[in-house]
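To start, the structure under review is shown below, and the notes come after it.
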Amino acid sequence: MDTLTTRLAIKRLHPLFVGEVTGIDLTQPISREDFRTIWEAFNEHQILVYRDQAFDDASQIAFSRNFGELETMIAHPGNDWNPGHISVMTNLGKDGNFLPLDHPAMLHRERNEAWHSDSSFKPVAALASLLASRIVPPVGGNTDFASARAAYDALPAERKAALEGLTALHRMTHRDMDNDKGYNEEDKKRHVVTHPLIRTNPVNGRKALYVGSHAQEIVGMPPAEGARLLDELTVFVTQPQFVYSHHWRDGDAVMWDNRCTLHRATTFDKTKYKRKLHRTTIAGKAPDSAFATMPEPQRAER
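Here's what the structure looks like:
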């Protein structure tokens, strides 16, 4: 369903999810009325594509804070072990030149090419992420999104019943944690948490499968058996009918609901084309019922 305010318009880009937002400059303070429209659309569409935004880091952070507190990224090779509110997704070094493919930052960023939900390895997982384009390649470098809510809806009733009540163990690292050099040993041990396999959005009561690469075992199952189940469910969620692939263009920013979607980066010629996108991540709250009410915009109205 399309939504229209005085100037802000939202139209669906995929039969099952994804809304395109036009007619608003998010680098400026937004009104409570516009934020209500965006908040409702976020819970309905799961993915929001904002067009024609000229974000810099300050304005991206300011807009993101309307939805809640921001996460500080974990220190890792992809951010030069220097965490902050902005995570830079790029194949460029600080000098603007291409990084070699075997650079630790490039190897770490390859993780983003696996289906995942941001920060599911934290005790309170992320609510949303906002990725804004700075430099986009002419070919490749899409970001794919999968609706774990639409996939859950497509499961047979008996399958839903069998999955209800299961709990998954999420890790920040690869399954082969001991050989994962992307994080320090303290983070490897600290970022191992459990979450329900099925999550419910309290705003609309919609359920979704909570899977992806960080979900690695099922509590109470032998590790290999749980891993097979999680892999099977991730394959189910990422079938073509549940996937939207976003081709980036200048001025695009995409916001997604980490509670009910998976995403991944797709590859491109990293030695020929430059790509740079900046991400902010909005922290979740515990319990999930905290999301039942609309956050208050944190900046003054126009």
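Numbering-wise (the working numbering), the sequence shown opens with residue 806 and increments by one.
All C-beta atoms, glycine included, are put in the ideal place defined by N, C-alpha and C.
Point to revise | Cut-off 8 Å between Cβ atoms - residues of its own chain near Asn-887, not counting five sequence neighbours on either side | key: These residues qualify, in order along the chain: Ala-880.
Review point. Buried or exposed: Asp-1108, going by 16 or more other Cβ atoms within 10 Å of its Cβ?
Key: Only positions 806 to 1107 of the chain appear in this structure, which leaves residue 1108 out of reach.
Check your understanding: Do you know how far the Cα of Ile-835 is from the Cα of Arg-870?
Key -> Approximately 12 Å between the Cα atoms of the pair.
Point to revise | Exposed unless 16 or more other CB atoms sit within 10 angstroms - verdict on His-1083 | key: Counting Cβ neighbours within 10 Å, His-1083 comes out buried, since at least 16 surround it.
Review point. Near His-996, what residues of its chain come up, given a Cβ to Cβ distance below 6 Å and the 5 sequence neighbours on each side ignored?
Key: Within the same chain, and ignoring the five residues on either side of His-996 in sequence, the residues whose Cβ sits closer than 6 Å to its Cβ are Phe-926 and Met-977.
Exercise for review: Jot down the residue ranges of each uninterrupted alpha helix (DSSP H) in the region 858-904, minimum 4 residues, whole runs only, in chain order.
Suggested key: DSSP runs (the alpha helix (DSSP H)) wholly in the region 858-904: 862-869.
Check your understanding: Expressed to the nearest angstrom, what Euclidean distance is found between the alpha-carbon atoms of Tyr-957 and Ala-933?
Key -> Taking the straight line joining both Cα atoms gives about 20 Å.
Exercise for review: Compare the Cα-Cα distances from Thr-960 to each of Val-1059, Phe-1047 and Ala-863 and report the closest residue.
Suggested key: The question names Thr, but residue 960 is Leu in the sequence shown. When only C-alpha atoms are compared, the closest one is Phe-1047.
Check your understanding: Using the C-alpha atoms, what's the distance from Asp-862 back to Asp-900?
Key -> So the two alpha carbons sit approximately 18 Å from each other.
Point to revise | Between the CA atoms of Asp-923 and Asn-1063 - distance to the nearest angstrom | key: Straight across, the Cα-Cα distance linking Asn-1063 with Asp-923 is about 6 Å.
Check your understanding: Going by Cα to Cα distance, which pick from Gly-828, Ser-1018 and Ile-1087 is closest to Leu-1067?
Key -> In this structure, Ser-1018 is the residue among Gly-828, Ser-1018 and Ile-1087 with its C-alpha nearest to the C-alpha of Leu-1067.
Exercise for review: With a 10 Å radius around its C-beta and 16 neighbouring C-beta atoms as the bar for buried, classify His-850 as buried or exposed.
Suggested key: Burial call: buried.
Review point. By the 10 Å Cβ neighbour count, where 16 or more other Cβ atoms means buried, how is Asn-896 classified, buried or exposed?
Key: Flag for Asn-896 reads buried.
**Study point:** Where the beta strand (DSSP E) through Glu-845 begins and ends
**Key:** Where Glu-845 is concerned, there is no enclosing beta strand (DSSP E), although the alpha helix (DSSP H) it sits in stretches over 837-850.
Practice item. Identify whether Tyr-1078 lies in helix, strand or coil by the three-state DSSP scheme. Key: Secondary structure of Tyr-1078 (DSSP, three-state): coil.
Practice item. Measure the Cβ-Cβ separation of Leu-1038 and Val-1024 and say whether it is below 8 Å. Key: Taking 8 Å as the cut-off, the Cβ atoms of Leu-1038 and Val-1024 do not count as close.
Exercise for review: Go ahead and label Glu-1057 buried or exposed: buried means 16 or more other beta carbons lie within 10 angstroms of its beta carbon, across all protein chains shown.
Suggested key: This sequence places Asp at residue 1057; Glu is not what is there. When all chains shown are included, Asp-1057 counts as buried.
Exercise for review: Would you kindly check if the distance between the Cβ of Gly-883 and the Cβ of Pro-1100 is under 8 Å?
Suggested key: Their beta carbons are not under 8 Å apart, which means Pro-1100 does not touch Gly-883 by this criterion.
**Study point:** contact_flag[the region 937-945, the region 1073-1082] where n(CB pairs < 8 Å) is 3 or more
**Key:** Taking 8 Å as the limit for Cβ pairs, the verdict is that the region 1073-1082 does touch the region 937-945.
Review point. So, is Tyr-988 buried or exposed, given that buried needs 16 or more other C-beta atoms within 10 angstroms?
Key: Its pLDDT being 47, under 50, Tyr-988 is placed unreliably by the model, and the measurement read from it follows with that caveat. With a 10 Å radius around the Cβ and a threshold of 16 neighbouring Cβ atoms, Tyr-988 comes out buried.
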